[in-house]
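The opening residue of the sequence shown carries number 1047 in the working numbering; numbering runs sequentially from there. Every residue gets a Cβ at the ideal spot worked out from N, C-alpha and C, and that includes glycine. Fair warning: this is a prediction, and the values are worked out from it, not measured in the lab. Everything below concerns the one structure shown next.
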Amino acid sequence: MNKMIALIISCMIVITGADAVYGAEYADVATSNWAHEAVNAMSNQSIIVGYPDGSFRPDSTVTYGEFIKMALIAATGEDVGNSPTDHWALNYYNKALELGHFTEYDIDRSYLGSKIPRAHMALIISSILGDVKIDGYDEIQEGITDITYQTKYEYDITKAYATGILTGYTDKTFQPDKTLSRAEAATVIYRLVDESKRVLPGDGKEEGRTVTATTSRGTVFETTLKTGQLGDSYGIVRFEIVQYGYVRICSTVRYDAVDLVIDNKLVTGFGNPSGGNYWIEDGYYVYYSEPEKDGIDVKGKKLAIYGTMLKGEDTGIIEYPDVTL
1047 MNKMIALIIS
1057 CMIVITGADA
1067 VYGAEYADVA
1077 TSNWAHEAVN
1087 AMSNQSIIVG
1097 YPDGSFRPDS
1107 TVTYGEFIKM
1117 ALIAATGEDV
1127 GNSPTDHWAL
1137 NYYNKALELG
1147 HFTEYDIDRS
1157 YLGSKIPRAH
1167 MALIISSILG
1177 DVKIDGYDEI
1187 QEGITDITYQ
1197 TKYEYDITKA
1207 YATGILTGYT
1217 DKTFQPDKTL
1227 SRAEAATVIY
1237 RLVDESKRVL
1247 PGDGKEEGRT
1257 VTATTSRGTV
1267 FETTLKTGQL
1277 GDSYGIVRFE
1287 IVQYGYVRIC
1297 STVRYDAVDL
1307 VIDNKLVTGF
1317 GNPSGGNYWI
1327 EDGYYVYYSE
1337 PEKDGIDVKG
1347 KKLAIYGTML
1357 KGEDTGIIEY
1367 PDVTL
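Quick look at the structure:
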């Protein structure tokens, strides 16, 4: 595995068959974008690239050809080059077949231009990882509600999940038929390269501990403490200070409510006057908090949220230890 990581860092992973440009800063990946760190880090190492117009197109869906190409270079440290005839990724497909990352029965060459589902990503990642000891395999698999021993590629899915490279979702599903965006694919490669960025099931010494929190009205309640990472299965992708000192919280998952937590204190939030506790902005579910109303200075503080799911389920306090404003 260490040899593979060394090779990965020394090579270039191209996520598109088109002419590409290099650079850590893309016009469409702002510093506030949840994937900025992964895209920036991988670009600085010339592992991923953007398009000739200076964009990265983070929301575009990754195809079989693109994912196979980056996975193959990650596994071998070699770039076999685009095919001048037929599909541009055919050389990568054939090499991956030769190396046994999948079979023609698993992935037919006709799929190369189609969107690749997470199940086939897991199959490829599992092959790259090779033999990995997974402690508590049965318990981990049982914790993924839409995966059983009868699910196709269930071992590869559980392996990719257990090693923290492909995470699950807030509702404890893996969603094997779901696709990934280029930004999410960059994050997968980031986790493959840097083991410290992986999101392991139950990761964090404080995970699951009961903590006491207070509201702005002084009431006290107990809840569990969890560890999150931007863009993981909890859905939170961005925190930012906006007009009037409000803190804007963006999520890919819709909650009944999301409250900002600073030093175990719930910050006053507010709902949409037209109904509900969220807005839909830039394709995200957005929640707002008013720390200045509570006399709380959020700058430089470690951030956390307290979320309430659609059926009133308490998510606990989810800490984001690497995120500050």
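Report the three-state DSSP secondary structure of residue i (helix, strand or coil).
i	result
Asp1202	helix
Lys1311	strand
Thr1122	helix
Pro1337	helix
Asp1368	coil
Thr1354	strand
Glu1185	helix
Lys1115	helix
Arg1103	coil
Leu1136	helix
Lys1251	The predicted model places Lys1251 with a pLDDT of 35, which falls under 50 and marks its position as unreliable, so this point remains unresolved.
Gly1127	coil
Ser1227	strand
Gly1362	strand
Tyr1330	strand
Thr1062	Unreliable positioning characterises Thr1062 in this predicted model, as indicated by a pLDDT of 47, which lies under 50. A coordinate reading is not provided.
Tyr1110	helix
Gly1096	strand
Arg1294	strand
Glu1286	strand
Leu1175	helix
Leu1271	strand
Val1085	helix
Leu1212	coil
Using the Cβ count rule (16 or more neighbours within 10 Å means buried), how would you classify residue i?
i	result
Ile1364	buried
Asn1372	No answer is possible for residue 1372: the residues shown for the chain start at 1047 and end at 1371.
Thr1373	Residue 1373 is absent from the model: the chain starts at 1047 and stops at 1371.
Ile1153	buried
Val1234	buried
Ala1052	Unreliable placement is indicated for Ala1052, whose pLDDT of 39 sits below 50; the coordinate value is still reported in the next sentence. Classification for Ala1052: exposed.
Thr1194	exposed
Tyr1110	buried
Glu1230	buried
Asp1305	buried
Tyr1207	buried
Thr1273	buried
Tyr1290	exposed
Pro1098	exposed
Thr1213	buried
Val1293	buried
Gly1205	According to the sequence provided, residue 1205 is Lys. The question's Gly does not apply to it. Per the 10 Å Cβ criterion, buried.
Ile1096	Note that residue 1096 is Gly in the sequence shown here, rather than Ile. Classification for Gly1096: buried.
Tyr1183	exposed
Out of the options, point me to the one whose CA is closest to residue i's CA.
i	options	result
Gln1187	Leu1158, Gly1291, Lys1272 and Phe1220	Phe1220
Thr1354	Lys1339, Glu1338, Pro1337 and Gly1315	Gly1315
Val1075	Gln1196, His1133 and Arg1228	Arg1228
Leu1271	Lys1339, Leu1349 and Gly1146	Leu1349
Ile1203	Ala1142, Tyr1183, Gly1100 and Leu1169	Leu1169
Ser1089	Ile1171, Tyr1236 and Tyr1292	Tyr1236
Glu1112	Ser1160, Val1288, Ala1206 and Gly1274	Ser1160
Asp1343	Tyr1352, Arg1284 and Asp1309	Asp1309
Ile1351	Glu1071, Arg1284 and Ile1119	Arg1284
His1082	Gly1281, Phe1148 and Leu1276	Leu1276
Is the beta carbon of residue i less than 9 Å from the beta carbon of residue j?
i	j	result
Glu1336	Val1369	no
Thr1260	Lys1311	yes
Ser1101	Ala1073	yes
Ser1279	Val1245	yes
Leu1118	Leu1145	yes
Ser1297	Tyr1334	no
Leu1226	Ile1162	yes
Ala1165	Pro1222	yes
Thr1171	Ile1211	Checking the sequence, you will find Ile at residue 1171 rather than Thr. Taking 9 Å as the Cβ cut-off, Ile1171 and Ile1211 qualify as a contacting pair.
Lys1345	Leu1371	yes
(request) May I ask you to verify whether the region 1123-1140 touches the region 1176-1187, counting CB pairs closer than 8 Å and requiring at least 3? (result) The way I'd put it, the region 1123-1140 doesn't touch the region 1176-1187; fewer than three beta-carbon pairs between them come closer than 8 Å.
Checklist entry - Counting pairs of beta carbons, one from the region 1319-1331 and one from the region 1293-1302, are three or more of them closer than 8 Å? => result Note that the region 1319-1331 touches the region 1293-1302; at least 3 beta-carbon pairs, one per stretch, sit closer than 8 Å.
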